[in-house]
Amino acid sequence: MATAAGKAANASRGDSDLEADIRQLKADIEKLTKQLAKTGEHGYGTARRAATEGVEQLRAQGEAAFDTLRSNAKDLEAQVVASVREKPVTSLAIAAGVGFLFALLARR
91 MATAAGKAAN ASRGDSDLEA DIRQLKADIE KLTKQLAKTG EHGYGTARRA ATEGVEQLRA
151 QGEAAFDTLR SNAKDLEAQV VASVREKPVT SLAIAAGVGF LFALLARR
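Sequence positions in the sequence shown follow the working numbering and run 91 to 198.
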């Protein structure tokens, strides 16, 4: 009978050890879940900051390109105006030729 009592004591000790292991496992899983949530929030914040910086950089590049195009358009306009003032008859003939070509294309 002494061995039966020893086995029962070992079984109850094994059950309590198993319950302690399960509690520890649950605590470890909870810690891991919290760490993953923090990592996800950190990753989201980093991605958002990078996207914001990228948008600002693209906006600055777009504004610079727009200013360059505007400057080039003004230069081209000034050249056309100067050319028309220097050679008005030639400019009128070119305008008429371009208008005629557009008319031919529009008919088709």
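Here a beta-carbon is modelled for each residue, glycine too, at the ideal position from N, C-alpha and C.
CA-CA distance, A127 to L159, rounds to 47 Å.
Secondary structure at K177: coil, using DSSP grouped into helix, strand and coil. About 4 Å separates the Cβ atoms of V174 and S181, confirming a contact at the 8 Å cut-off.
Just so you know, the alpha carbons of A185 and L195 end up roughly 15 Å apart.
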